[in-house]
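J.: Before we start, here is the structure in question, set down as structure tokens.
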Ligand SMILES: [Zn+2]
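Numbering (this note's numbering), first residue to last: 157 to 387.
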């Protein structure tokens, strides 16, 4: 799981593009197979066996810097990445965390369609911990309706904003029912762990948070263990 790329800056959510390319090269050299989200949906349903070292690239928030820095790397290595769009912020900035990073506008999203797979990242980027189940359902429908209206193709997948989902069992069951009712096939959290295959819970798929502040050793450790600190 990535967010932003930059050529002159790195922080928790921003990976320097030189380091990003080094990570991609390492994955390829070390024998990892890249699967697109579309492939993961199909293969999980068919219970197809994955290669031993399997990885999927995802980017949350659809930042404009993905267009600038991610596409050249994807083109160079013939890879795809899934970009999760916070739908009401198309053409705006990451206002939810007080940021001023540009989010792609519709024209840019359409232009990038050959290189990216799109998925949902909610309509309002609200933390599920702060909204009711009815608000979650309304938000999910709003995000799908808006993308349909914009004629932007997307895969029926959702990345929970902030990676947060309902910890309450009844609410979580209701949320999963809403996902199924809306045709959603996979929902992604963070979790920092390797997923079992076929996916144990397609509505709580785990991702590894790759930070711009990670050393290369930390990146390699995360690939094997999901996280650096075990305790
Ligand atoms: Zn986000």
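Even glycine gets a Cβ: it sits at the ideal position worked out from N, Cα and C.
Predicted, not measured: the structure shown is a model, and the values here were computed from it.
#1: Counting pairs of Cβ atoms below 8 Å between the segment 207-220 and the segment 236-255, do you hit three or more?
#2: Just reading off the beta strand (DSSP E) that residue 241 is part of, what are its end residues?
#3: Evaluate contact between the segment 188-205 and the segment 250-264, counting only Cβ atoms and requiring at least three cross-stretch pairs below 8 Å.
#4: Can you tell me where the beta strand (DSSP E) with residue 198 in it begins and where it stops?
#5: Three or more C-beta pairs under 8 Å: does that hold for the segment 368-384 against the segment 331-339?
#6: Would you check if the segment 267-286 and the segment 176-188 touch, i.e. whether three or more CB-CB distances between them fall below 8 Å?
#7: Could you spell out the range, first to last residue, of the beta strand (DSSP E) harbouring residue 362?
#8: Assign residue 166 to one of two classes, buried (16 or more other C-beta atoms within 10 Å of its C-beta) or exposed (fewer than that).
#9: For residue 167, verify whether its CB is less than 7 Å away from any heavy atom of ligand 1.
#10: Using 8 Å for Cβ pairs, my map puts residue 275 next to residue 315. What's the rounded Cβ distance?
#11: Since residue 315 sits in a beta bridge, which residues does DSSP pair it with?
#12: What does the alpha-carbon distance come out to for the pair residue 233 and residue 327?
#13: Relative to the alpha-carbon of residue 269, which residue among 292, 187, 308 has its alpha-carbon at the smallest distance?
#14: Would you grab the beta carbon distance between residue 292 and residue 343 for me? Rounded to a whole angstrom, and I think it's under 8 Å.
#15: Does ligand 1 have even one heavy atom less than 7 Å from the beta-carbon of residue 216?
#16: If you scan the segment 263-341 from start to end, which runs of the alpha helix (DSSP H) of 4 or more residues do you find wholly inside it?
#17: Could you compute how far the alpha carbon of residue 325 sits from the alpha carbon of residue 285?
#18: According to the Cβ coordinates, are residue 340 and residue 317 closer than 8 Å?
#19: Note down the Cα distance separating residue 267 from residue 310, rounded to an integer number of angstroms.
#20: Give a single yes or no on whether residue 354 has its beta carbon closer than 7 Å to a heavy atom of ligand 1.
#21: Grouping DSSP H, G and I as helix and E and B as strand, with all else coil, what is residue 259?
#22: Can you find the residues in the same chain that come closer than 7 Å, C-beta to C-beta, to residue 320, ignoring five residues on each side of it along the sequence?
#23: By how many angstroms is the C-alpha of residue 296 removed from the C-alpha of residue 288?
T.: Working from what's here:
#1: yes
#2: 237-241
#3: no
#4: Unbroken run through residue 198 is the alpha helix (DSSP H), 193-201; no beta strand (DSSP E).
#5: no
#6: no
#7: 361-363
#8: buried
#9: no
#10: 6 Å
#11: 344
#12: 41 Å
#13: 308
#14: Not confirmed; about 11 Å, so no contact.
#15: yes
#16: 289-306, 325-337
#17: 13 Å
#18: no
#19: 14 Å
#20: no
#21: strand
#22: 283, 284, 285
#23: 12 Å
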